[in-house]
Each structure stands twice: as structure tokens, then as C-alpha cells.
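Chemist: Here this note's numbering is used: the first residue of the sequence shown is 266, the next is one more, and so on.
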Amino acid sequence: MDKINDIKELINKKMSDVKTLEELNNLKVEFLGKKGLITEVNSMIKDVPKEEKKEFGIRVNEVKKLFNDKYNDIKVKLESDLVNKKLESEAIDVTLPSIRPVVGSANILEKVIEEIEELLISMGYDVVDGPELEEDKYNFEMLNIPKGHPARDAQDTFYIEGEEILLRSQTSPVQVRTMLKGKGEVPIRMICPGKTYRRDDDDATHSHQFMQIEGLLVDKNISLSDLKGTIDVIIKKLFGSDVETRFRPSYYQFTEPSVEVDISCFNCGGSGCNICKNTGWITVAGAGVVHPNVLRMSGYDPKVWSGFAFGFGAERMAMLKYDINDIRVFYNTNLKELSNFDREVDL
Ligand code: DAH
Numbered sequence: 266m267d268k269i270n271d272i273k274e275l276i277n278k279k280m281s282d283v284k285t286l287e288e289l290n291n292l293k294v295e296f297l298g299k300k301g302l303i304t305e306v307n308s309m310i311k312d313v314p315k316e317e318k319k320e321f322g323i324r325v326n327e328v329k330k331l332f333n334d335k336y337n338d339i340k341v342k343l344e345s346d347l348v349n350k351k352l353e354s355e356a357i358d359v360t361l362p363s364i365r366p367v368v369g370s371a372n373i374l375e376k377v378i379e380e381i382e383e384l385l386i387s388m389g390y391d392v393v394d395g396p397e398l399e400e401d402k403y404n405f406e407m408l409n410i411p412k413g414h415p416a417r418d419a420q421d422t423f424y425i426e427g428e429e430i431l432l433r434s435q436t437s438p439v440q441v442r443t444m445l446k447g448k449g450e451v452p453i454r455m456i457c458p459g460k461t462y463r464r465d466d467d468d469a470t471h472s473h474q475f476m477q478i479e480g481l482l483v484d485k486n487i488s489l490s491d492l493k494g495t496i497d498v499i500i501k502k503l504f505g506s507d508v509e510t511r512f513r514p515s516y517y518q519f520t521e522p523s524v525e526v527d528i529s530c531f532n533c534g535g536s537g538c539n540i541c542k543n544t545g546w547i548t549v550a551g552a553g554v555v556h557p558n559v560l561r562m563s564g565y566d567p568k569v570w571s572g573f574a575f576g577f578g579a580e581r582m583a584m585l586k587y588d589i590n591d592i593r594v595f596y597n598t599n600l601k602e603l604s605n606f607d608r609e610v611d612l
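(1) Within this structure, are the beta carbons of Phe-573 and Val-554 separated by less than 7 Å?
(2) Can you determine whether any heavy atom of the ligand DAH sits closer than 6 Å to the C-beta of Gln-518, and answer yes or no?
(3) Does Glu-287 come out as helix, strand or coil in the three-state DSSP assignment?
(4) Determine the extent of the beta strand (DSSP E) in which Tyr-517 is found, giving its start and end residues.
(5) Since Pro-452 contacts Val-483 with CB under 8 Å, what's their CB separation in whole angstroms?
(6) Skipping 5 residues on each side, what residues in its chain have a beta carbon closer than 8 Å to that of Thr-436?
(7) Mind checking whether Ala-552 and Leu-492 have CB atoms under 7 Å apart?
(8) Just to confirm, does Ser-437 get its C-beta within under 6 Å of one of the non-hydrogen atoms of the ligand DAH?
(9) So, at 7 Å on beta carbons, what are the nonlocal neighbours of Ile-410 in its own chain, with the 5 sequence-adjacent residues on each side left out?
(10) Which stretch, first to last residue, makes up the beta strand (DSSP E) that contains Glu-426?
(11) Please state whether DSSP places Pro-458 in a helix, a strand or coil.
(12) Report the option in Cys-533, Thr-495, Ala-550 and Asp-466 whose CA atom is closest to the CA atom of Ile-592.
(13) Determine the burial state of Leu-503: buried for a count of at least 16 other Cβ atoms within 10 Å of its Cβ, exposed for fewer.
(14) Residues in the same chain with beta-carbon distance under 8 Å from Ile-540, minus the five sequence neighbours each way, listed in chain order, please.
(15) Quick one: what's got a C-beta closer than 7 Å to Arg-442's C-beta in the same chain, skipping five residues either side?
(16) With 16 as the cutoff for other CB atoms within 10 Å, does His-414 come out buried or exposed?
(17) Determine contact between the segment 302-322 and the segment 278-291, defined as no fewer than three beta-carbon pairs at a distance below 8 Å.
(18) Between the beta-carbon of Gly-369 and the beta-carbon of Arg-454, is there less than 7 Å?
(19) Should Phe-405 be counted as a contact of the ligand DAH given a C-beta to heavy atom distance under 6 Å?
(20) Should Leu-361 be labelled buried (16 or more other beta-carbon atoms within 10 Å of its own) or exposed?
(21) Roughly how far, in whole angstroms, is the beta-carbon of Lys-279 from the beta-carbon of Leu-292, given that I think they are within contact range, below 8 Å?
(22) At which residues does the beta strand (DSSP E) containing Gln-477 begin and terminate?
(23) Strictly by DSSP, which residues pair up with Leu-431?
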């Protein structure tokens, strides 16, 4: 009986010192394990005189219960302490300002192209694609620029294989490809925005790779005035209804007559500024009435069909529209610089 009382005292003392679940489990071994203190007194019951057996048994059970009650209480408390500590360390202050996600934006060059595409699609044009690795035949010959023609020098071309395979120096070969598909029979309305390449030294206004937006319309009774009307609609959509277009005589081998398209300076309204170099006008495209030779070579009878074509410089249009003074910003992959243009426009 004394021993049982000692164990009770020991339980009370040891339990009040317990700080961790590990210590608590060690106590379980110490008291209830194979050689535990309670196990030991429990096994003494057989040596207890008969008349005291009952009393002894009750006391042993009491001490067991004492241990188990304490054990369970402390276990629950230690476990909930652990959970609370974890919650505390993982607490989130929802009032703190968040990190702003980086939002991507459409490239402004792409935006200009899409704006023209949308407009021309609404006028019945198809957007078509052509290869950047092109054959001399399509890039030059079938555009009425035979081998040895001096006009080839003006477009300093990247040749890839001999004189036959090159990086296209203009998107005009897509005119030829589209007409060949039309088999000389159906009217054509197409635009092709795409990359072009020339052996230019890169500077603020030149890039060895740049983009053009080609357009071609072939139908019956098409004249220069159809071209003028179409170009005028494109320009007014892009730069505003106050902007005027002017057509200056020019020369291209694949159009006759050929023109250069100027727009009145939207910055100074024509009085002269540094954007228009004090002329009041800015050149944005080459264009013209499709040369009969070009129609014929691509299978369209020039006695039946006629057409117009145009080629815009895409970067030039974007630079004018978004007030950019260096073509290299489109290609230096400086996202900060590019997204700044975008923000200015969207605000
Ligand atoms: N391909 C010409 C160039 O790169 C631009 C051009 C001129 C395209 C007249 C045309 C056109 O479609 O009709 O300089």
C-alpha cells in the first residue's frame, strides 16, 4: 500500500513536469511498460493476503486511472499546443499589400497589324501567310524583276543557297503565291503581314529584319482610284479621320502606275515638325496597279483582270502611331520598354 502511495506521488510530480509528447510517452513506459512501476505493483497482487486482495486491487486500479487520466489530459493539451503553434507560425496577414502579378501585353507592332487585319477582313479580305525562306522565282522573277535587273541591288538580299533560295526581302512574293492558287479564275482580296529580311546595318530607322503588310486585290475593272479609296480608309482608321493621304508617282517593277503613299503629318497637321522633317508629309507605303506582266505570269489574263497592290512598313506605322523614335525597341526584347509604350496607350 505504501508503494502504491509512493507511485501516486511520483505520478503527480512527474506529470506536472512534462513538457513534450516524447517525455509523456517515456512516462508511459516508466509506469505501464513491461517493467513499469504500476505493472510491478499489479503483479504483487498474487502475494497479497486474501482479505486484503480486494482493497489492494481497488487501489491499483485507482493508480492506473490516475495515470491514464493525467496522461490523456496532458496529451490533449500538448497536441493542441502544437497545432496552435503551427497556426501561429503560418498565420497570414490579409491586410498586407499583395505582390502585383506581372501582366503581359500585346506587342504594339502586333496591335497595329491586327488593327489593319480587322479592318480589311471586314472588307472581305483574307489574311494569308507565306514562307520567309523564299525562292528567287517568287521574290523577284515573277514580280517582273528578272535576274541581273538593277532593282535587285536596292533590296540587298540574304541568299541562302546559291541564287535560288533566299530570305524574302519583301512580302510581295505572297501576291504571286496567292494568284497561283487562284488559278487565274477567282477574284482575290488578301493581306499578308509578315517578316522580311535585308542586309541593312541596324540603326534607329533600319533593321535587317522588319515587317511588311502586303495587300492585293484582283478583280474586274479595278483602277488606281480603288487603291486610293482603300488606302485612305486604312490610314484614317489607324491615325484618325483628320489625316489626309497623298499619292506620289513612284516606280516599282510589279506595278504600273506605281505610287508612294504619304500621310499628312498627324503631329503638326502639315505645318512642319521634326516627325515629318518639316515637309508636312510622311511616307508609309509603296503601292500601285498590278503590272500586266505580273498578272500574266501568275495565270491571270490582264485583258480580263486588273488589280492593285500595296505594301506598308509595319514598324514605321507603329513608330508613328505610338511615337517611337528607334526601330530597335521592337527587337531588343526589353519587356519593360515595350510594356511602357503599351501602358501609355492604354491609360
Ligand atoms: N515590296 C515593296 C518594297 O518592299 C513595297 C511595295 C510596293 C509593295 C508596291 C507593293 C506594291 O505591293 O504594289 O519596297
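The C-beta atom is built at its ideal place from N, Cα and C for all residues, glycine as well. These figures come from a predicted structure and were not determined experimentally.
Modeler: Here's the rundown:
(1) Sequence index remark: in the sequence shown, residue 573 carries index 308 (1-based). Sequence index remark: in the sequence shown, residue 554 carries index 289 (1-based). Yes. Within cutoff.
(2) Counted from its first residue, the sequence shown places residue 518 at position 253. Because no heavy atom of the ligand DAH lies under 6 Å away, the Cβ of Gln-518 does not count as near it: no.
(3) Working through the sequence shown from its first residue, we reach residue 287 at position 22. It is helical.
(4) Your numbering for residue 517 matches position 252 in the sequence shown. Residues 510-517.
(5) In the sequence shown, residue 452 corresponds to position 187, counting from 1. In the sequence shown, residue 483 corresponds to position 218, counting from 1. Going by Cβ atoms, the distance from Pro-452 to Val-483 rounds to 6 Å, so yes, they are a contact pair.
(6) Position 171 of the sequence shown holds residue 436. The answer, listed in chain order, is Gly-395, Cys-457, Pro-458, Gly-459, Thr-461, Gln-477, Ile-478, Glu-479 and Gly-576.
(7) Residue numbering aside, residue 552 sits at position 287 when the sequence shown is read from its first letter. Residue numbering aside, residue 492 sits at position 227 when the sequence shown is read from its first letter. It is a contact, given that the beta carbons lie within the stated cut-off.
(8) One-based indexing of the sequence shown puts residue 437 at position 172. Answer for Ser-437: yes, Cβ within range of the ligand DAH.
(9) Position 145 of the sequence shown, counted from the first residue, corresponds to residue 410. Cβ within range, chain order: Ala-416, Arg-417 and Gln-518.
(10) Translated into the one-based positions of the sequence shown, residue 426 becomes position 161. 424-426 is the span of the beta strand (DSSP E), which, as asked, contains Glu-426.
(11) If you number the sequence shown from 1, residue 458 lands on position 193. In the three-state reduction of the DSSP assignment, Pro-458 falls in the strand class.
(12) By 1-based counting over the sequence shown, the position of residue 592 is 327. Ile-592 has its Cα closest to that of Asp-466, out of Cys-533, Thr-495, Ala-550 and Asp-466.
(13) In the sequence shown, the residue the question calls residue 503 occupies position 238. When all chains shown are included, Leu-503 counts as buried.
(14) Start at 1 with the first residue of the sequence shown, and residue 540 comes out as number 275. Taken in chain order, the residues that qualify are Cys-530, Asn-532, Cys-533, Ile-547 and Leu-585.
(15) As a working mapping, residue 442 is identified with position 177 in the sequence shown. Closer than 7 Å at Cβ, skipping near neighbours: Gly-395 and Tyr-403.
(16) For the purposes of this step, residue 414 is identified with residue 149 of the sequence shown, where counting begins at 1. Its Cβ having fewer than 16 others within 10 Å, His-414 is exposed.
(17) no
(18) Taking the first residue of the sequence shown as 1, we reach residue 369 at position 104. Taking the first residue of the sequence shown as 1, we reach residue 454 at position 189. Judged by their CB atoms, Gly-369 and Arg-454 are not nearer to each other than the 7 Å cut-off.
(19) On the sequence shown, residue 405 is found 140 positions in, with the first residue counted as 1. No, the Cβ of Phe-405 stays beyond 6 Å of every heavy atom of the ligand DAH.
(20) What you label residue 361 is simply residue 96 of the sequence shown in a count that begins at 1. With fewer than 16 Cβ atoms within 10 Å of its Cβ, Leu-361 is classed as exposed.
(21) Within the sequence shown, residue 279 is the residue found at index 14, counting from 1. Within the sequence shown, residue 292 is the residue found at index 27, counting from 1. Indeed, because the Cβ distance is near 6 Å, the residues count as touching under 8 Å.
(22) Working through the sequence shown from its first residue, we reach residue 477 at position 212. From DSSP, the beta strand (DSSP E) with Gln-477 extends over 474-484.
(23) Within the sequence shown, residue 431 is the residue found at index 166, counting from 1. Beta bridge pairing from DSSP links Leu-431 with Glu-399 and Tyr-424.
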